[in-house]
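In case it helps, this note's numbering puts the sequence shown at residues 60 to 353.
Glycine included, C-beta positions come from ideal geometry on N, C-alpha and C.
To start, the structure itself, in structure tokens.
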Amino acid sequence: RPGSSLDGHVKDLLEEYAVRSGKITLVRIDPDKDAAEVELMAKRLNLNSFQVNSVIFETGGKTKQVTHGEIEEREPSANPLMPSKAPPKFKGEEAFTSAILNLTEGKPPLVFFTSGHGEKEFEGADRMAVSELVKLLRRENFTVQKLATLLEGDIPAQADALVIASPRQRFLPAETDKMDAYLKRGGKLLVLLDPLSDSGLEPLLSKWGVEADNNMVLDPVRRLSGAGPTTLVVDGFGVHPVTAKLKGSAVLLSLARSVRPAPDARDSAVTLLAASKEAWCETDMMIKQALFDP
């Protein structure tokens with residue numbers, strides 16, 4: 060919007076891109092004055108939703124939306140419940156260059172979510188679904204599809220990643236064998252396990268350097284103020300690209316299961332988040348009072 064905090068910075072930077080490239084055409088739409096044009100653009104670009112004060116890149120039928128929050132980055136607060144008072148940083152060049160490369164560098168990444176084991180809903184309004192994650196991935200020009208591992212043959216060779224989101228029923232050995240073969244080919248696997256659930260994936264994870272204990276973590280020290288010991292606040296992270304941007308911030312975990320490097324993992328496994336030294340794990344959630352019992 061004209062007059063917004065980013066208006067001048069974004070306009071100047073985009074004009075510089077256009078001059079230096081010679082291949083970029085700029086079109087500006089005022090969402091207040093040109094509401095009809097905004098609606099037509101959304102239909103033409105097949106955008107289910109978009110935010111005002113955003114920049115949309117388009118080429119060859121593909122689009123990439125860069126939102127206000129990606130252009131202006133705020134420093135994380137020391138207190139996760141209070142906003143930071145530090146002035147925001149302008150990240151336009153980084154965000155715009157990433158968007159252009161995303162649209163122009165070959166095929167989009169392909170991510171499969173497994174189905175058939177009571178996993179989180181792929182799409183829908185259920186607040187426990189992973190639909191918001193799927194929307195974000197598609198906004199980043201990822202191709203996201205379901206995969207019924209029980210019905211399919213091998214995990215598709217073109218899969219850039221396979222996600223298992225909170226299964227409630229066991230995977231069969233025939234399925235985990237397919238995953239093992241996929242990982243040996245250089246595949247990537249993201250496993251999200253609920254506490255006190257038997258997924259059938261534990262032997263596969265152990266083979267690849269991760270022990271997933273069937274329990275629930277309780278932490279009397281690193282917990283959300285006013286909440287029970289099962290709602291953890293973690294503000295210390297392992298050194299890894301996955302956690303690089305989390306430095307200085309905190310992660311809230313409601314109902315967490317412990318995972319740890321397997322004894323023979325050596326340097327192949329990295330702990331990303333850790334509870335305090337006073338934390339322990341419970342295997343029986345029918346007890347009336349949670350107390351550490353050696």
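- Relative to the alpha-carbon of Ser113, which residue among Val86, Pro147, Lys194 and Gly119 has its alpha-carbon at the smallest distance? Val86
- Item | CB-CB length for Tyr241 against Ile223, believed under 8 Å | That pair is no contact at about 12 Å.
- Pull up the DSSP beta-bridge partners for Ser313, would you. Thr290
- Message: Distance check for Val193 and Ala218, CA to CA, integer angstroms please.
- Response: 16 Å
- Which stretch, first to last residue, makes up the beta strand (DSSP E) that contains Glu117? Val114 to Thr118
- Message: For Glu96, which residues in the same chain have their Cβ closer than 8 Å to its Cβ, ignoring the five residues on either side in sequence?
- Response: Ile88
- Which runs of the alpha helix (DSSP H) spanning at least 4 residues fall entirely within the stretch 238-310, listed in chain order? 261-266
- Query: Of the residues Lys306, Phe172 and Lys70, which one's Cα is nearest the Cα of Phe149?
  - Reply: Lys70
- Query: Per DSSP, what kind of secondary structure is Lys194 in: helix, strand or coil?
  - Reply: helix
- Helix, strand or coil at Pro147 according to DSSP, with G and I counted as helix: coil
- Message: Spatial neighbours of Lys237 within its chain, please: C-beta separation below 7 Å, excluding the five flanking residues on both sides.
- Response: Thr208, Asp213 and Ile214
- Item | Pro320 in three-state terms, based on DSSP | strand
- Query: Which value, in whole angstroms, describes the spacing of the CA atoms of Ser157 and Leu312?
  - Reply: 30 Å
- Around the Cβ of Ala271, are there at least 16 other Cβ atoms within 10 angstroms (buried) or fewer (exposed)? buried
- Nearest residue (CA-CA) to Lys144, options Glu132, Phe171 and Glu153: Glu132
- Task: Following the continuous beta strand (DSSP E) through Lys179, name the residue where it begins and the one where it ends.
- Result: No beta strand (DSSP E) holds Lys179; DSSP gives it neither H nor E.
- Those residues which DSSP pairs with Glu132 across a bridge: Lys148
- Message: Taking 7 Å as the threshold (C-beta atoms), are Gly151 and Leu72 in contact?
- Response: yes
- Item | Residue from Leu260, Arg281, Ser284 and Trp267 whose Cα sits closest to the Cα of Asn273 | Leu260
- Query: Counting pairs of beta carbons, one from the stretch 241-251 and one from the stretch 279-298, are three or more of them closer than 8 Å?
  - Reply: no
- Going by Cα to Cα distance, which pick from Leu65, Val111 and Tyr76 is closest to Asp91? Val111
- Query: How about His176 and Gln228: are their beta carbons less than 7 Å apart?
  - Reply: yes
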